[in-house]
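The next block holds one structure in the form of structure tokens; read it before the comments.
Numbering (the UniProt record's numbering), first residue to last: 1 to 559.
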């Protein structure tokens with residue numbers, strides 16, 4: 001299958017904003033995709049090479065890509081850099097450079113999807129001395145044979161800036177449409193495996209029956225079950241039917257641990273493989289988990305010298321560290337608090353009631369200094385739950401989780417079977433979709449950011465306010481550097497940003513507002529932290545903001 005066909009799909013996807021049309025284009029393409037490519041094409045359509053949970057990364061930045069294009073075309077690097085300043089898009093600049101190519105190889109062959117993907121794999125797997133030169137040569141060989149439009153999309157794939165507006169929802173619906181299977185079965189299979197390539201192949205070859213049989217696999221993370229908010233312990237108990245399991249809500253990073261004998265893989269909430277950054281937890285897991293094949297979930301907490309929890313950003317620092325890990329183990333010690341078990345020795349537990357899963361968890365874990373089972377209270381009494389809540393806060397934790405005793409595990413679902421109880425209104429995780437250039441000494445920096453909530457129904461990000469406070473000068477430098485490659489267009493001081501970066505925002509209150517399409521606006525929003533652990537689709541939704549607005553109004557009515 002020629003890569004030019006995929007490039008043509010990208011072009012058509014870019015030209016429409018209609019979700020139905022995007023879904024049709026992708027479905028038509030999947031129908032004609034050969035079986036041997038069906039496991040990789042869905043990721044290429046998303047502008048990725050590998051699933052998020054795959055450890056492999058291309059490891060190519062803009063400078064190295066420019067060198068590869070220069071090598072392939074004979075166009076000087078400086079000329080390509082100047083072109084990027086003019087177009088604001090490296091992909092377009094690569095296409096222009098390919099049009100100016102001094103000469104094309106006599107032995108040039110049309111690019112195939114198989115060759116492009118195989119080259120990406122070689123780039124990702126190049127390591128050690130001279131690996132950067134090898135990566136550059138692999139890419140240069142692709143660009144030598146690429147047509148301008150093909151080169152544009154190869155460059156965007158390498159840098160992760162595809163801009164076609166295809167997210168998981170569109171791909172899910174396209175798989176269902178292409179192979180005439182039920183969308184809910186595609187969704188279920190994806191939630192259990194987080195692997196669109198695998199799901200697409202099963203949908204085509206085995207249909208609805210095959211999809212209904214898809215189950216948990218060690219080494220493929222399960223989408224986490226999520227919780228809604230409750231205004232109080234009392235409200236949570238009422239919602240749970242008068243009795244609930246209350247657990248401490250730790251201020252940490254949620255992880256999913258997969259064990260298969262001596263092989264342990266740890267995934268972040270964003271489903272990224274963070275195993276290498278936390279080797280002491282890997283060893284502790286091997287010692288503490290009794291089953292040889294098991295999947296458990298927990299909260300990884302950074303512990304201070306006084307034994308109290310430190311903010312979750314400390315855990316993210318551990319995740320990011322690739323070198324001098326031993327030094328970080330000393331500086332930021334971690335503790336894993338396990339709260340659920342999803343799979344044991346070939347048996348999926350997601351359809352098992354929570355009270356039974358908790359029992360299986362306790363049977364499967366031998367607690368240690370590094371591995372604990374989340375503290376829990378099962379009660380019908382408000383006063384007992386209130387005392388537990390107070391104690392959790394005194395120990396420095398965020399609050400409590402309340403869980404229905406009969407609840408099954410629902411991957412990817414944010415329902416009322418799990419509820420969060422916290423003393424203040426919840427901060428929001430929002431996506432940056434726009435920004436404004438500063439003034440005076442900050443004229444070269446982006447300084448005010450338009451933030452948006454996710455609408456899963458439309459796949460859009462709907463604005464809810466502008467955030468201009470809470471940033472240090474260093475933050476603004478970092479955000480400008482991070483967001484510049486994501487600029488889609490500029491109009492005066494305003495720039496439209498591709499929705500890729502998630503930030504945590506605090507605010508005074510949520511207001512109803514006709515100013516934004518979302519119907520809501522944040523009053524006095526303030527930047528708190530960069531949420532590198534969350535993808536744009538994991539940001540807070542418009543539905544969640546509506547729920548928080550209702551909670552807020554309840555609080556006001558009680559005053």
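Quick reminder that beta carbons are idealized off the backbone N, C-alpha and C, glycines included.
Keep in mind it's a predicted model, so treat the numbers as computed, not measured.
Tell me whether residue i is buried or exposed, calling it buried when 16 or more other Cβ atoms sit within 10 Å of its Cβ.
i	result
residue 551	buried
residue 256	buried
residue 559	The pLDDT assigned to residue 559 is 48, lower than 50, so where the model puts this residue is not dependable; a value taken from the coordinates is nonetheless given after this. Result: exposed.
residue 578	Outside the displayed span of the chain (1 to 559) sits residue 578, for which this structure offers no information.
residue 431	buried
residue 544	buried
residue 76	exposed
residue 347	exposed
residue 174	buried
residue 514	exposed
residue 306	exposed
residue 507	buried
residue 275	buried
Nearer than 7 Å: is that true of the beta carbon of residue i relative to any heavy atom of the ligand FMN?
i	result
residue 344	As presented, the structure is devoid of all ligands, the ligand FMN included, so that no description of it is given.
List the whole-angstrom C-beta distance separating residue i from residue j, where the pair is believed to meet the contact cut-off of C-beta under 8 Å.
i	j	result
residue 279	residue 254	Their Cβ separation, rounded to whole angstroms, is 19 Å, which puts residue 279 and residue 254 out of contact at 8 Å.
residue 464	residue 521	6 Å
residue 219	residue 265	6 Å
residue 2	residue 110	6 Å
residue 380	residue 243	5 Å
residue 284	residue 370	4 Å
residue 237	residue 382	6 Å
residue 186	residue 178	Not a contact, Cβ separation roughly 10 Å.
residue 135	residue 126	5 Å
residue 80	residue 70	6 Å
residue 163	residue 436	With a Cβ gap of about 21 Å, residue 163 and residue 436 do not count as contacting.
Report yes if the CB atom of residue i is closer than 8 Å to the CB atom of residue j, and no otherwise.
i	j	result
residue 166	residue 193	no
residue 486	residue 466	no
residue 124	residue 210	no
residue 268	residue 8	no
residue 560	residue 480	The structure shown does not extend to residue 560, since the chain spans only 1 to 559, so no value can be given for it.
residue 292	residue 345	yes
residue 365	residue 333	no
residue 398	residue 422	yes
residue 298	residue 342	no
residue 91	residue 156	yes
residue 527	residue 471	yes
residue 139	residue 42	no
residue 411	residue 222	yes
residue 357	residue 228	no
residue 246	residue 385	yes
residue 409	residue 400	no
residue 10	residue 117	no
residue 281	residue 338	no
residue 159	residue 65	yes
Compare the C-beta of residue i against all C-beta atoms of chain C and say whether one is closer than 8 Å.
i	result
residue 66	Looking at the structure shown, chain C is missing, and only one protein chain is on hand.
Going by DSSP, what residues sit across from residue i in a beta bridge?
i	result
residue 373	338
residue 343	295 and 348
residue 229	420
residue 415	227
residue 263	260
residue 514	Partner(s): none; residue 514 has no beta bridge.
residue 429	504
residue 309	303
residue 520	512
residue 401	247 and 420
residue 289	365
residue 161	DSSP, once it has assigned bridges, lists no residue as partnering residue 161.
Could you give the residue range of the alpha helix (DSSP H) that holds residue i?
i	result
residue 132	131-145
residue 454	No alpha helix (DSSP H) holds residue 454; the beta strand (DSSP E) holding it covers 446-455.
residue 109	Element bounds for residue 109: n/a, residue is neither H nor E.
residue 174	168-179
residue 530	Run containing residue 530: none in the alpha helix (DSSP H); it sits in the beta strand (DSSP E), 526-530.
residue 10	3-15
residue 325	325-331
residue 68	62-73
residue 191	183-193
residue 84	77-87
Counting along the chain, where does the beta strand (DSSP E) carrying residue i start and finish?
i	result
residue 465	460-467
residue 490	487-491
residue 319	Careful: residue 319 lies outside any beta strand (DSSP E), inside the alpha helix (DSSP H) at 313-320.
residue 496	494-497
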